[in-house]
Amino acid sequence: MTTTGLGSLPGDGIREWMKVLLEEVDIPFLPELPARPYGDMLSRAIALVTELAADLQPAGWRLTGGGDATASLDQRRARGVLREDLDVLEEYADGYVGPLKVQVTGPWTLAATVERPRGDKILADHGARRDLAQALAYGVEHHLAEVRKRVPGADVVLQIDEPALPAVLAGAIPTASGWSKHRSIDGPGAVELLSLFTGFGPTVVHCCAARPPIEVFTKSGASGIAVDISLLNAPGWDQLGIAVEAGSTIYAGLVPTTGVLPNQEQAAAPLIRRWRELGLDPELMKQVVITPACGLGYATSPRDARARLALLRKIVDVVGEAADA
309 MTTTGLGSLP GDGIREWMKV LLEEVDIPFL PELPARPYGD MLSRAIALVT ELAADLQPAG
369 WRLTGGGDAT ASLDQRRARG VLREDLDVLE EYADGYVGPL KVQVTGPWTL AATVERPRGD
429 KILADHGARR DLAQALAYGV EHHLAEVRKR VPGADVVLQI DEPALPAVLA GAIPTASGWS
489 KHRSIDGPGA VELLSLFTGF GPTVVHCCAA RPPIEVFTKS GASGIAVDIS LLNAPGWDQL
549 GIAVEAGSTI YAGLVPTTGV LPNQEQAAAP LIRRWRELGL DPELMKQVVI TPACGLGYAT
609 SPRDARARLA LLRKIVDVVG EAADA
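Residue numbers (the working numbering): 309 to 633.
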């Protein structure tokens, strides 16, 4: 049983965080620091989309209709931040051997957030969202190759962040006017674009919404699923149980990202209780990865975030005892 975080962390100290992560979690990761300009998850994804040009508007990122040669100053800056972070990773992970995770905003969340050149979300245009997904997949493939080159001993795990996918499937993403919603996407359509990313190696899809579409994630070929355990309803637990028994790795979000920090027994209790209620084999609990409930980018301070990361290994001991009981 292992521990990791889910991507975002507070503050702007990439060097300090890289050192902490290599020491304090079992699966270190290249962090996103949204407090920095161009350090958020969307800017990170736009930096990877080298086949399409985009600029940053007051309302967010927008494709401009040109190719890479017409990339805006903002897009070039986002790429510069990512290169600097890779330099730090290479420096601090010199000689590292083991799992190493990188995160990227998924194609559906990106399509539901980024605008077309003439307005409204890319989600509205079938061809545009496919083009964006393919460009993102191309960029992710090269990004993973770069990480492997810089840290040759790493077994790279790709995390796809899809917080908006439940709303996309439900037809709940507002149009630009705000008077209507974008048409819902069916499950097979969602699987089709996600599957562009699951062939690059071990892949975990992360969605900390109340109703994560776990079946979509497993059908896309993802080997892992990351969810906020506190938000799962009964149907969600049923799907999670099916995924566990099919061999999926579960990234169980057990530590709240804000508020009072529970002790390890309190944090572990929801997972252990529901596992037993579903009648799942306790041995399968050993394939669980313990994580915060979601990203820690909005924790009150780096010290607070470190305390939440430190709690993860204490939870492992409690869950491990339950698995052996």
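Cβ coordinates follow ideal geometry from the N, Cα and C atoms, glycine included.
Provide the residue span of the alpha helix (DSSP H) that contains residue 559, from first to last. Premise fails: residue 559 lies in the beta strand (DSSP E), 557-563, not in any alpha helix (DSSP H).
Once you ignore the five residues that flank residue 330 on each side, which residues in its own chain have a CB closer than 7 angstroms to its CB? Cβ neighbours of residue 330 beyond the five flanking positions: 336, 400, 401, 404.
For my contact list, residue 605 and residue 332 are in at a C-beta cut-off of 8 angstroms; report their separation, rounded to the angstrom. The C-beta separation of residue 605 from residue 332 comes to about 17 angstroms, leaving the pair out of contact by the 8 angstroms criterion.
Buried or exposed by the 16-neighbour rule on C-beta atoms within 10 Å, applied to residue 619: Residue 619 is buried by the Cβ-count criterion.
Let me know if residue 378 comes out buried or exposed under the rule of 16 or more other beta-carbons within 10 Å of its beta-carbon. Under this definition residue 378 is an exposed residue.
Any idea which residues DSSP pairs residue 409 with across the strands? Beta-bridge pairing links residue 409 to 337, 465.
Can the beta-carbon of residue 397 be found closer than 9 angstroms to that of residue 459? In contact: residue 397 and residue 459 (Cβ atoms closer than 9 angstroms).
Taking 7 angstroms as the limit between beta carbons, can you name the residues of its chain near residue 626, skipping five residues before and five after? Around residue 626: 572, 573, 576.
Select from 415, 597, 422, 519 the residue whose C-alpha is nearest the C-alpha of residue 447. Considering only alpha carbons, the answer is 415.
Would you decide whether residue 609 is buried or exposed? Buried here means 16 or more other CB atoms lie within 10 Å of its CB. Burial call: exposed.
Coil, strand or helix - residue 363 by DSSP: It is a strand residue.
Quick one: complete beta strand (DSSP E) runs, 3+ long, within the stretch 372-442? Segments of the beta strand (DSSP E) lying fully in the stretch 372-442: 406-413.
Cα-Cα, which of 454, 516, 360 is closest to residue 436? Of 454, 516, 360, the smallest CA-CA separation from residue 436 is found for 360.
List the DSSP bridge partners of residue 320. Partner(s): none; residue 320 has no beta bridge.
Straight-line Cα distance separating residue 395 from residue 526: One C-alpha to the other measures close to 33 angstroms.
Can you tell me the Cα-Cα spacing of residue 319 and residue 589, whole angstroms? When rounded, the distance between both Cα atoms is 40 angstroms.
In chain order, each beta strand (DSSP E) run of at least 3 residues that lies wholly inside the stretch 509-575: Counting only runs of 3+ residues, the beta strand (DSSP E) found wholly inside the stretch 509-575 occupies 511-514, 532-536, 557-563, in chain order.
Okay, do the stretch 503-515 and the stretch 460-467 touch, 3+ Cβ pairs below 8 angstroms being the bar? Contact holds: three or more Cβ-Cβ distances are below 8 angstroms.
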